[in-house]
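**Q** Quick one: the structure is below, and I'll ask about it shortly.
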Amino acid sequence: MKSHKRLLKVFFLAVAVIAVAAAYKQFVISAPSELAKHSSTVQNIEPNGKVIIMTHSEQTNSVTHELAVHFKERLEHISNGELRVSIYGENTLGSLNDGINGISNGTFEMRLGMGPSKIMRVVTWLPSILGTSSQIIDQALASNEALKTMIEAENNADGVYLLGMMPSRYRILTNNGPVETLTDLKGMKIRTINAGIESDFWECLGAEPSAFNIEQVYMALQQGIVEAQENTIPSIVSNKIYECQTNVIRTNHKVYFDSFYINLDYYNSLTDAERTWIAAAVSDTIEFGRENLRDYERDGLETIIESGVEVSALSDTEKQKMIEIASPILVKSFAESYGADFVNDVIDQFRYEIK
């Protein structure tokens, strides 16, 4: 009898050990932080090809994620499976800053979205610095050779290579109430991406900014921690921000780019064929996105309107007032962070583009 009980104890102990081991294995395999720390190990999990880790910050129902999936499918097809892509969206490998820093230091191989470029950060604010339209910004980035040389040199110094970027799209304001004049911004509690230049912009217009990651915005609005936020139309839809807001105001104060960045050391380690495959997949994805960008914006706006949210636009007069107030503040903030000569050199590249 005692022998039988001992056998039962041994059996149950063995089962418990197996269960714990399985749980631990599942935890290690699924933990994003471990994947982020050991991207070189992850590359070897597929015996038939290299695995490229690509990160982005948006939801799986977003335009950004759709572009990432399209790139993955095209690259795996073009390379016949020799290059594979593992996508981590929604900042699952860390915050926005983690993603930007991670692509520079080689924690992972690729990123779709914002990168480390200081030049591009200045460029995104040109609508509120010079009144530059998104069309003129895109035109200058495509045709201004001096500007392209500046961006390439900066990216190389930051340890990244810019493979390409989507056309820019405007960031706009959402709020629980109409905004017809800048006076309506006074005292508005608004979510911003960070506590730096973003906050300086909204503070100079009288608002009260607070920084939250994109995945925290819905809850912050729902709980009344903030009453407003700013984003692109596709992001407003994919993050369901319109469910927590009554008004969308087309301020067009800033632009955003979905950009394809790759770690420079990793890129240089690739063969000529592999670099050609990646370039072809990026080019195909940008063309795919360009053809569908208007549909993304139109369909997103329809979703917002159908939900009962009122959509309006800031008048040209109020936009001009916004530029007059914000432009010197933005230039000063950038100059303090990056140096006055650097900022002026970037802005000067766009002055002649304005008709």
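Taken in order, the sequence shown gives residues -21 to -1, 1 to 334; the numbers are from mature numbering (1 follows the signal peptide of the UniProt record, and there is no 0). The beta-carbon is built from N, C-alpha and C at its ideal position, and this holds for glycine as well.
Would you call the CB atoms of His44 and Gly68 closer than 8 Å?
**A** Taking 8 Å as the Cβ cut-off, His44 and Gly68 qualify as a contacting pair.
**Q** Just list the residues that DSSP pairs Lys168 with in beta bridges.
**A** According to DSSP, Lys168 bridges with Glu187.
**Q** According to DSSP, what are the bridge partners of Phe239?
**A** According to DSSP, which records beta bridges pairwise, Phe239 is partnered with Leu91, Gly143.
**Q** Can you give me the Cβ contacts of Ser294 inside the same chain, cut-off strictly under 7 Å, excluding the 5 residues immediately before and after it?
**A** There are no such residues.
**Q** Grab me the residues of Thr211's own chain with a C-beta within less than 8 Å of its C-beta, minus the 5 sequence neighbours each way, in chain order.
**A** These residues qualify, in order along the chain: Arg148, Tyr149, Arg150, Ile151, Tyr235.
**Q** Measuring straight from C-alpha to C-alpha, what distance separates Cys223 and Val322?
**A** Cα-Cα distance, rounded: 37 Å.
**Q** Comparing C-alpha positions only, which one of Gln114, Glu131, Phe87 sits nearest to Met99?
**A** Selected option, being the one with the closest Cα: Glu131.
**Q** Going along the chain, which residues of its own chain have a beta-carbon closer than 7 Å to the beta-carbon of Glu206, five neighbours each way excluded?
**A** Within the same chain, Glu206 has close Cβ partners Asn154, Asn155, Met167, Lys168.
**Q** Do Gly92 and Ser238 have their C-beta atoms within less than 8 Å of each other?
**A** Cβ distance < 8 Å, so Gly92 and Ser238 count as in contact.
**Q** Using 8 Å as the cut-off, can you tell me whether the segment 224 to 233 makes contact with the segment 278 to 293, which would need three or more C-beta pairs spanning the two stretches below that distance?
**A** Yes, the segment 224 to 233 is in contact with the segment 278 to 293.
**Q** Which parts of the segment 223 to 295 are runs of the alpha helix (DSSP H), unbroken and 4 residues or longer, counting only runs that do not cross its ends?
**A** Qualifying alpha helix (DSSP H) stretches, in chain order: 243 to 248, 251 to 285.
**Q** Can you tell me which of Leu184, Ile82, Pro307 puts its alpha carbon nearest to the alpha carbon of Tyr246?
**A** Closest by alpha carbon: Ile82.
**Q** Beta-carbon within less than 8 Å of residue 337's beta-carbon, same chain only, minus the 5 sequence neighbours each way: which residues are those?
**A** Residue 337 cannot be examined here, being either before or after the span of the chain that is shown, -21 to 334.
**Q** For Asn134, list the residues DSSP reports as bridge partners.
**A** Asn134 pairs with nothing; no bridge assigned.
**Q** Below 8 Å on the Cβ atoms is my guess for Met145 versus Gly279; work out the distance and round it to an integer in Å.
**A** In fact, because the Cβ distance is near 15 Å, the residues do not count as touching under 8 Å.
**Q** Looking at C-alpha atoms only, which residue of Leu62, Ser248, Glu61, Asn80 is the closest neighbour of Asn70?
**A** Selected option, being the one with the closest Cα: Asn80.
**Q** Since Lys29 sits in a beta bridge, which residues does DSSP pair it with?
**A** Answer is Leu62, bridged to Lys29.
**Q** Going by alpha carbons, who is nearest to Gln195 out of Ile220, Ala260, Tyr140?
**A** Nearest C-alpha to Gln195: Ile220.
**Q** Buried or exposed, going by whether 16 or more other CB atoms sit within 10 Å of the CB of Lys298?
**A** Burial call: buried.
**Q** Out of Gly287, Glu303, Val30, Gly110, state which residue places its alpha-carbon closest to the alpha-carbon of Ser65.
**A** Checked all of Gly287, Glu303, Val30, Gly110; the closest Cα to Ser65 is Val30.
**Q** In chain order, what residues of the same chain lie with their CB nearer than 8 Å to the CB of residue 363, ignoring the 5 residues before and after it?
**A** A question about residue 363 goes unanswered here, because the residues of the chain that appear run from -21 up to 334.
**Q** Figure out for me which residue from His35, Ser248, Ile283, Ser316 has the closest Cα to the Cα of Asp179.
**A** Comparing Cα positions, the closest option is Ser316.
**Q** Following a CB-centred definition, is Ser262 positioned closer than 7 Å to any heavy atom of the ligand ATP?
**A** By its list of ligands, the structure shown contains no ligand whatsoever, and the ligand ATP lies outside what it can speak to.
**Q** By how many angstroms is the C-alpha of Arg273 removed from the C-alpha of Leu105?
**A** About 22 Å.
**Q** Could you check if Ile284 is buried or exposed, using at least 16 other CB atoms within 10 Å of its CB as the buried criterion?
**A** The residue is exposed, with fewer than 16 neighbouring Cβ atoms inside 10 Å.
**Q** Between Leu249, Gln208, Glu37, which lies nearest to Glu187 when the distance is taken from Cα to Cα?
**A** Nearest option by C-alpha distance: Gln208.
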